[in-house]
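Mapped onto the working numbering, the consecutive letters of the sequence shown carry residue numbers 92 to 426.
Just so you know, even glycine gets a beta-carbon here, dropped at the ideal spot from N, CA and C.
What follows is a single structure, written as structure tokens, with notes after it.
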Amino acid sequence: MAHYASACPETITSAVEYACAAPSVHNVQPWSWRLQRGQLSLYVDRRRSIPVEDPDGRQLIISCGGALHHLRIALEHNLLEPIVTILPDRSEPDLLASITFRGRAHPEGSSAALFSSLERRRTDRRPFDAPPVGSMGVLSHGANEFGTSMTILARQYGSMLEHASAIATQEHRNDPDYWNELEEWIRSAGSDEGIPRDALPDALSSHESASARAFPSGHLKIERDARDHAALVLLSTPSDAPIDWLNAGQALSSVLLHATASHLASCPLTHLTEVEASREIVRDVASRSGETFQNPQVMIRIGLLESDTEDADSGYNEPVASGRRAIEDVLTIVH
Numbered sequence: 092m093a094h095y096a097s098a099c100p101e102t103i104t105s106a107v108e109y110a111c112a113a114p115s116v117h118n119v120q121p122w123s124w125r126l127q128r129g130q131l132s133l134y135v136d137r138r139r140s141i142p143v144e145d146p147d148g149r150q151l152i153i154s155c156g157g158a159l160h161h162l163r164i165a166l167e168h169n170l171l172e173p174i175v176t177i178l179p180d181r182s183e184p185d186l187l188a189s190i191t192f193r194g195r196a197h198p199e200g201s202s203a204a205l206f207s208s209l210e211r212r213r214t215d216r217r218p219f220d221a222p223p224v225g226s227m228g229v230l231s232h233g234a235n236e237f238g239t240s241m242t243i244l245a246r247q248y249g250s251m252l253e254h255a256s257a258i259a260t261q262e263h264r265n266d267p268d269y270w271n272e273l274e275e276w277i278r279s280a281g282s283d284e285g286i287p288r289d290a291l292p293d294a295l296s297s298h299e300s301a302s303a304r305a306f307p308s309g310h311l312k313i314e315r316d317a318r319d320h321a322a323l324v325l326l327s328t329p330s331d332a333p334i335d336w337l338n339a340g341q342a343l344s345s346v347l348l349h350a351t352a353s354h355l356a357s358c359p360l361t362h363l364t365e366v367e368a369s370r371e372i373v374r375d376v377a378s379r380s381g382e383t384f385q386n387p388q389v390m391i392r393i394g395l396l397e398s399d400t401e402d403a404d405s406g407y408n409e410p411v412a413s414g415r416r417a418i419e420d421v422l423t424i425v426h
């Protein structure tokens, strides 16, 4: 029988370290954790905001939702069931979740596969082959668990998505504040935050997808004739409030970890939902593809790398890992 547990700080600290492996917009890692009297609290750290790109903080909270789901997986692997209360205090809007712990006799069935995916998951900006037929079904179940809908966008509307991407790009093209903000989060190898320049296409490479964000030039070489055949999936929510953003982040984490466990490559795309004009086109494409929720949050490219079947020893399959902040910088333990 399950029982409430006073988990040791070492176990919780380890779980938070795994939680912080979650993806975040531009790898800003906007989370702050506090452990006190057996309760863990998750806050959004608005000091790490990107106000030009994300004035409402929507992407920050989505990112924190991803960390919260990563935490769930790490705890369950250690036979602790997290009892999560979302947005527990209206007077403290930056407190996103409070977590207590209950012992679990046995791990969840998929716990081991998802736990092993926590460290293996990477955002990969290279072009993908199409995912195998039938491989996407398992990904949607995790999204539904958090009140979020996952829709595979029909390929016949690809030109509409290219137009949406062009609109989003044009919105920022001549905005120096946007480019300065973006450049601030592009870092050299070894940094503990931001996007490694080695993970971004170089100036001579075409971007991996017509739906991808335009970044300053990096060091990643992509064949000029490479074509992207990834599936594009969209996470949407019934409304557009902070609780929806947090749930969308948990759903995003679930989809990415299940994809990794299924040996699929992935790359979240957020710029198409930043600008209202492009977000409206995404909403239209989603509706035509069968989506009923009206609030698109995050798009994800999912597929296979060509080298998965060509040269397993080439090292090509390993995308560059982004750095992570030290645990002392993100977790406060109050004794």
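Closest Cα partner of residue i within the set the options
i           : options               : result
residue 102 : 123, 130 and 119      : 130
residue 186 : 133, 99, 234 and 391  : 133
residue 336 : 426, 259 and 240      : 240
residue 357 : 222, 108 and 327      : 222
residue 184 : 169, 202 and 148      : 148
residue 320 : 165, 234 and 216      : 216
residue 350 : 372, 177, 333 and 323 : 323
residue 112 : 425, 412 and 172      : 412
residue 234 : 345, 259 and 143      : 345
residue 135 : 395, 333 and 228      : 333
residue 261 : 361, 229, 243 and 369 : 369
residue 204 : 421, 352, 394 and 393 : 352
residue 231 : 364, 327 and 127      : 327
residue 156 : 143, 177 and 292      : 177
residue 253 : 414, 191 and 305      : 305
residue 393 : 143, 197 and 228      : 228
residue 237 : 193, 248 and 338      : 338
residue 426 : 415, 141, 128 and 251 : 128
residue 180 : 173, 174 and 188      : 188
residue 195 : 164, 219 and 207      : 164
residue 114 : 312, 214, 309 and 106 : 214
residue 257 : 390, 226 and 366      : 366
residue 142 : 117, 124 and 374      : 117
residue 100 : 151, 171, 249 and 272 : 171
residue 202 : 312, 220, 190 and 166 : 166
residue 283 : 140, 265, 416 and 126 : 416
For residue i, the first and last residue of its enclosing alpha helix (DSSP H)
i           : result
residue 351 : 333 to 352
residue 231 : 228 to 236
Reduced DSSP category for residue i - H, G, I as helix; E, B as strand; rest coil
i           : result
residue 102 : helix
residue 169 : coil
residue 265 : coil
residue 119 : coil
residue 385 : coil
residue 418 : helix
residue 276 : coil
residue 379 : helix
residue 149 : helix
residue 213 : coil
residue 317 : coil
residue 107 : helix
residue 189 : strand
residue 125 : strand
residue 258 : helix
residue 177 : strand
residue 413 : coil
residue 365 : coil
residue 400 : Legend: pLDDT at residue 400 = 44, less than 50; position of this residue unreliable, value from coordinates given subsequently. If DSSP states are grouped into helix, strand and coil, residue 400 belongs with the helices.
residue 303 : coil
residue 371 : helix
residue 144 : coil
residue 249 : helix
residue 225 : coil
residue 298 : With a pLDDT of 49 at residue 298, under the threshold of 50, the modelled position of that residue is not reliable, and the figure given next carries that caveat. In this structure, residue 298 counts as coil in the three-state DSSP scheme.
residue 113 : coil
residue 206 : helix
residue 330 : coil
residue 182 : coil
residue 405 : Low per-residue confidence applies at residue 405: pLDDT is 43, beneath 50, and the placement is therefore not dependable, though the value from the model is reported in the following sentence. Coil at residue 405, not helix or strand.
Boundaries of the beta strand (DSSP E) in which residue i is found, first to last residue
i           : result
residue 359 : 356 to 360
residue 135 : 130 to 135
Residues bridged to residue i [DSSP beta-bridge criterion]
i           : result
residue 220 : 395
residue 324 : 243 and 391
residue 311 : 292
residue 287 : 278
residue 425 : 127
Minimum Cβ-Cβ distance from residue i to chain C less than 8 Å
i           : result
residue 242 : In the structure shown, chain C does not exist; there is a single protein chain.
### Task
Could you tell me whether the segment 381 to 388 touches the segment 278 to 286, where touching means 3 or more Cβ pairs closer than 8 Å?
Note that the segment 381 to 388 does not touch the segment 278 to 286; fewer than 3 beta-carbon pairs, one per stretch, sit closer than 8 Å.
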